[in-house]
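Residue numbers (the numbering used here): 1156 to 1239. Step one of this worksheet: look at the structure below.
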Amino acid sequence: MTDNIAALVIIVGIVIYLVGWLAVLIAAFRESILWGVACLLLPIVQLFFIIVHWSKAKKPFFLQLLGLVVMIVAMILSPHTAHR
């Protein structure tokens, strides 16, 4: 994987992750304003929301997971250049 392609794939992974994050946030706000604000301000609360409201948050959670996997795979496959 060339540097440019790896960077592009990482950016795609970030976008996928952010879409999933935003979808969880929207689900939290739909549940209640307190859930939404708490998820927005305290990231650990978002994880708790996903567990408590699994039926509403599982698809966005898996979207976040997909984004992370895409980023990690792109980082692993990207060429590393060492300058000495």
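A virtual CB, placed ideally from N, CA and C, is assigned to each residue, including glycine. Bear in mind the structure is a predicted one, so any value in this text is a computation, not a measurement.
Continuous alpha helix (DSSP H) stretch holding P1234: start and end: Here residue 1234 is taken as the residue at index 79 of the sequence shown, counted from 1. No alpha helix (DSSP H) holds P1234; DSSP gives it neither H nor E.
Measuring only the C-alpha atoms, how far is L1173 from Q1219? As a working note, residue 1173 is residue 18 in the sequence shown. As a working note, residue 1219 is residue 64 in the sequence shown. So the two alpha carbons sit approximately 7 angstroms from each other.
Could you pull the start and end residues of the alpha helix (DSSP H) that L1163 belongs to? For the purposes of this step, residue 1163 is identified with residue 8 of the sequence shown, where counting begins at 1. Run containing L1163: D1158 to E1186, per the alpha helix (DSSP H) assignment.
Enumerate in chain order the residues of its own chain whose CB-to-CB distance from A1212 is below 7 angstroms, with the five nearest sequence positions on each side excluded. Your numbering for residue 1212 matches position 57 in the sequence shown. Excluding sequence neighbours, A1212 sits near V1179, A1182, F1204 and I1205.
Rounded separation between L1202 and T1157 - CA only: Walking along the sequence shown from the start, residue 1202 turns up at place 47. Walking along the sequence shown from the start, residue 1157 turns up at place 2. Their Cα atoms are separated by approximately 35 angstroms.
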